[in-house]
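Counting from 1 along the sequence shown, just add 78 to a position and that's the residue number in this note's numbering.
Here a beta-carbon is modelled for each residue, glycine too, at the ideal position from N, C-alpha and C.
A short write-up of the structure that comes next.
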Amino acid sequence: MKQIKLEEEITRLTQQIEEYQLRMNELKQRSDIQDALNEILNISLMPVSLAEQMEKILVLVLDIPWLSLDKKGCVFLAGETGDSLKMVAHHNLNDSLLGLCSQIRFGQCLCGKAAATQELIFRDHVDHDHDIRPEGMRPHGHYNMPIVSHGKTLGVLNLYVREGHEQSQLEHGFLVACAKAMASIIERKRIEEQLHTLSYMDELTGIANRRSFMQHLDQIIDDAYLNSHMFAVLFIDLDYFKAVNDNHGHEYGDQVLVEAVDRIKACLRQTDFIARLGGDEFVAVLELVSGAEKALEVARQVISAVSQPYSLSGTVLNIGASVGVSLYPEHSKYSESLLRMADTALYQAKDSRGEAILYRP
79 MKQIKLEEEI TRLTQQIEEY QLRMNELKQR SDIQDALNEI LNISLMPVSL
129 AEQMEKILVL VLDIPWLSLD KKGCVFLAGE TGDSLKMVAH HNLNDSLLGL
179 CSQIRFGQCL CGKAAATQEL IFRDHVDHDH DIRPEGMRPH GHYNMPIVSH
229 GKTLGVLNLY VREGHEQSQL EHGFLVACAK AMASIIERKR IEEQLHTLSY
279 MDELTGIANR RSFMQHLDQI IDDAYLNSHM FAVLFIDLDY FKAVNDNHGH
329 EYGDQVLVEA VDRIKACLRQ TDFIARLGGD EFVAVLELVS GAEKALEVAR
379 QVISAVSQPY SLSGTVLNIG ASVGVSLYPE HSKYSESLLR MADTALYQAK
429 DSRGEAILYR P
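Here is the structure:
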């Protein structure tokens, strides 16, 4: 009798110990989850590219000890068109797979299906949905976690598991939390990139703004100095543009500005650079120009192109252009003075309207 009671007590204690260990393991796992999410937050604050952030998060997730992963995976980001994925981070994937999966369509293979359905796809083995089968592929399973925000697919987190792996609720919950954190990072980074772009780009015309132009001009000067090249600065002002705004409104004025920029760009080479300084003032840099005559020839082409009639919603509008020209290194070797000299020549050109004038000291 005593022997039976002793065995029952041992069994009860063993069960309690096992339950305690299970609770401790679960607490440890939940602590690891919180630590991982905190580290993801730290990664989001790092001054690195979005691709580097995704790489760091991928490695972090793969290194979590209790996650039964196969230490392989990748991160896809959705393209601008919203119908394809581009791999931006990967770990321990072979070259064959990298080549085949560098870019996939929504709905293609497991990652594409996760992107299209916006639902977690788990497979414990390679099945018929596995459309892409690279050379040397071994048996495995997948977690394919879509990264979604406000109903829009931003990417997919793809993690490998061993064949026959059993999905757990804790793993599922962690991957959902991880995907939400990654979505926040992607959105934040893209907003930062948009703000950065806007700070260097003229929003209306899509060309560089003054800030971007001055930085680019400094780079051009450095290159010209190292290679003993000549280049020209064209300061362009639209004549009679104020009358368009005054008589027809800013909506028409904006359309004229956009079309005028297209016409100016058509007169330039791909190697040349154009920026909007503000209002109806633009500046272009002609790289590797042969001399003053060539610069003036391009300036006259710009004037002719800009001066052609503008037909907007049945209304025909006319403007003109005047251009001032300065040369590197003949007139100056410094960005601010080159721009100032081209501006001085522009004011001379505007005296007679529609002229191209070379700076004269």
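Would residue i pass as a contact of residue j if the rule is Cβ separation under 8 Å?
{"i": "V311", "j": "V403", "result": "yes"}
{"i": "I210", "j": "G233", "result": "no"}
{"i": "A286", "j": "H274", "result": "no"}
{"i": "E359", "j": "D315", "result": "yes"}
{"i": "H206", "j": "P217", "result": "no"}
{"i": "E56", "j": "A156", "result": "Nothing about residue 56 can be reported from this structure: the residues present for the chain run from 79 to 439 only."}
{"i": "L163", "j": "A193", "result": "yes"}
{"i": "L136", "j": "K149", "result": "no"}
{"i": "C189", "j": "N120", "result": "no"}
{"i": "L355", "j": "R418", "result": "no"}
{"i": "I298", "j": "F291", "result": "no"}
{"i": "F455", "j": "A420", "result": "Residue 455 falls outside the range modelled here, since the chain spans only 79 to 439, and no answer is possible."}
{"i": "V239", "j": "L138", "result": "no"}
{"i": "F252", "j": "I342", "result": "no"}
{"i": "H208", "j": "C187", "result": "yes"}
{"i": "M337", "j": "Y388", "result": "Sequence inspection shows Glu at residue 337; the Met mentioned does not correspond to that position. Taking 8 Å as the Cβ cut-off, E337 and Y388 qualify as a contacting pair."}
{"i": "H441", "j": "L395", "result": "Since the first and last residues shown for the chain are 79 and 439, residue 441 lies out of range."}
{"i": "H250", "j": "L176", "result": "no"}
{"i": "L128", "j": "K267", "result": "yes"}
{"i": "A259", "j": "L115", "result": "yes"}
{"i": "Y330", "j": "L390", "result": "yes"}
{"i": "V361", "j": "A370", "result": "no"}
List the DSSP bridge partners of residue i.
{"i": "P224", "result": "V234"}
{"i": "F360", "result": "I314, R354"}
{"i": "A434", "result": "V401"}
{"i": "Q154", "result": "Just to set this straight, residue 154 is Phe in the shown sequence, not Gln. Answer is M165, V234, bridged to F154."}
{"i": "V239", "result": "G219"}
Use the C-beta contact count for residue i: other C-beta atoms within 10 angstroms, 16 or more gives buried, fewer gives exposed.
{"i": "S45", "result": "Only positions 79 to 439 of the chain appear in the structure, and residue 45 is not among them; the question remains open."}
{"i": "P224", "result": "buried"}
{"i": "L304", "result": "exposed"}
{"i": "T283", "result": "buried"}
{"i": "M165", "result": "buried"}
{"i": "H228", "result": "exposed"}
{"i": "L123", "result": "exposed"}
{"i": "V126", "result": "exposed"}
{"i": "G151", "result": "buried"}
{"i": "Q272", "result": "exposed"}
{"i": "D280", "result": "buried"}
{"i": "I34", "result": "Summary: the structure shown does not reach residue 34, with the chain confined to residues 79 through 439, and so no result is reported for it."}
{"i": "S410", "result": "buried"}
{"i": "Q131", "result": "buried"}
Since residue i and residue j should fall inside the 8 Å C-beta cutoff, what is the C-beta to C-beta distance between them, to a whole number of angstroms?
{"i": "Q196", "j": "T159", "result": "So it is not a contact: roughly 17 Å between Cβ atoms."}
{"i": "V226", "j": "A261", "result": "6 Å"}
{"i": "S174", "j": "E117", "result": "That belief does not hold up - the Cβ atoms of S174 and E117 are roughly 32 Å apart, past 8 Å."}
{"i": "A399", "j": "G432", "result": "7 Å"}
{"i": "T422", "j": "Y437", "result": "6 Å"}
{"i": "I381", "j": "V334", "result": "The Cβ separation is near 15 Å, so there is no contact."}
{"i": "R201", "j": "G219", "result": "5 Å"}
{"i": "V401", "j": "L364", "result": "Not really, about 11 Å apart at Cβ, beyond 8 Å."}
{"i": "C345", "j": "V376", "result": "6 Å"}
{"i": "L374", "j": "A434", "result": "5 Å"}
Practice problem: Give, in chain order, every unbroken run of the beta strand (DSSP E) that is at least 3 residues long and sits entirely within the stretch 387 to 430. | Solution: Listed in chain order, the complete beta strand (DSSP E) runs (minimum 3 residues) inside the stretch 387 to 430 are 388 to 390, 393 to 395, 398 to 406.
Exercise. Within the stretch 104 to 152, note down every full alpha helix (DSSP H) run reaching 4 residues or more, in order along the chain.
Key: As far as the stretch 104 to 152 is concerned, its whole alpha helix (DSSP H) runs of at least 4 residues are 128 to 140.
Quiz item: Along the chain, which unbroken stretches of the beta strand (DSSP E) at least 3 residues long are found entirely within the stretch 261 to 327?
Solution: List check, beta strand (DSSP E) in window: 309 to 317.
Practice problem: Entirely within the stretch 156 to 212 and at least 3 residues each: give me those beta strand (DSSP E) ranges in chain order. | Solution: As far as the stretch 156 to 212 is concerned, its whole beta strand (DSSP E) runs of at least 3 residues are 162 to 169, 181 to 183, 199 to 201.
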